[in-house]
Structures are given as structure tokens and as C-alpha cells.
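Undergrad: My questions will all concern the structure given below.
As C-alpha cells, this is what we get:
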């Protein structure tokens with residue numbers, strides 16, 4: 040499940056229009072900056088293919104002057120399995136212990 044964050048620079052005077060457009064897109068969370076034409080955008084999609092389609096759609100929005108990717112996370116394995124909190128650390132600790140013993 041890809042989760043990405045962007046800094047989106049709106050065309051001059053178009054920030055409010057850009058925010059409205061982005062808020063209408065499923066999987067988009069929008070946070071306008073306090074000042075200026077900058078918007079923080081977080082996207083979440085079901086697959087890498089859906090994220091590519093989302094990115095292409097974002098680039099086509101007329102009010103976007105610049106779309107800058109800031110962060111991206113995609114781990115397909117995590118989308119299909121649930122790992123209890125702390126179990127990864129325990130598994131690493133066990134693996135380190137068995138390697139040291141050999």
C-alpha cells in the first residue's frame with residue numbers, strides 16, 4: 040500500500056482552487072500551508088499501479104505549478120500480512136542470537 044507525501048506549489052492565486060480539486064480525489068489528504076501557495080499532500084493507494092495513475096493525474100491538474108515528492112513508502116508484503124507490534128524486533132533479536140551461537 041503506497042503512501043506518498045508531496046509539496047505542491049499552486050499557480051499564483053490558485054491555492055484554494057487546487058485544494059478543492061485535490062480534496063475531491065479519493066486517497067488524497069490536503070493540508071494548505073499557513074502562507075503562500077504551498078500545499079502538503081499525502082496520498083494513499085492500494086497498489087503501485089494505482090499510485091502511478093494517481094501521480095499522472097496530479098501532474099495534469101492545471102492549478103499545479105510544481106509537484107515535489109518528499110516521502111514514499113511501499114511495502115507490498117505489509118499489505119498482505121499483519122505483524123504484531125514488537126514481533127519484528129523479537130525476530131531480529133532471535134536471529135542475532137542464533138548467529139552468534141554458531
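In our numbering, the protein residues as written are 40 to 141.
The C-beta atom is built at its ideal place from N, Cα and C for all residues, glycine as well.
Predicted, not measured: the structure shown is a model, and the values here were computed from it.
Using the C-alpha atoms, what's the distance from residue 106 back to residue 24?
TA: In the structure displayed, the chain extends from 40 to 141; residue 24 sits before or after that span and is not available.
Undergrad: What does the alpha-carbon distance come out to for the pair residue 102 and residue 114?
TA: Between residue 102 and residue 114, the C-alpha separation is close to 31 angstroms.
Undergrad: Have a look at 92, 88, 95 and 61 and flag the residue whose alpha-carbon is nearest the alpha-carbon of residue 80.
TA: 61
Undergrad: Can you grab the Cα-Cα spacing for the pair residue 111 / residue 76, in whole Å?
TA: 23 angstroms
Undergrad: Using the beta-carbon count (16 or more within 10 Å), is residue 96 buried or exposed?
TA: exposed
Undergrad: Hey, could you find the ends of the beta strand (DSSP E) residue 74 is sitting in?
TA: No beta strand (DSSP E) holds residue 74; DSSP gives it neither H nor E.
Undergrad: Within the same chain, show all residues whose beta-carbon is closer than 8 angstroms to that of residue 47, passing over the 5 residues directly before and after it, in chain order.
TA: 57, 61, 77, 78, 79, 80, 97, 103, 105, 106 and 107
Undergrad: Does the beta-carbon of residue 90 have 16 or more other beta-carbons within 10 angstroms, so that it is buried, or is it exposed?
TA: buried
Undergrad: Along the alpha helix (DSSP H) that carries residue 56, what are the first and last residues, could you check?
TA: 54 to 62
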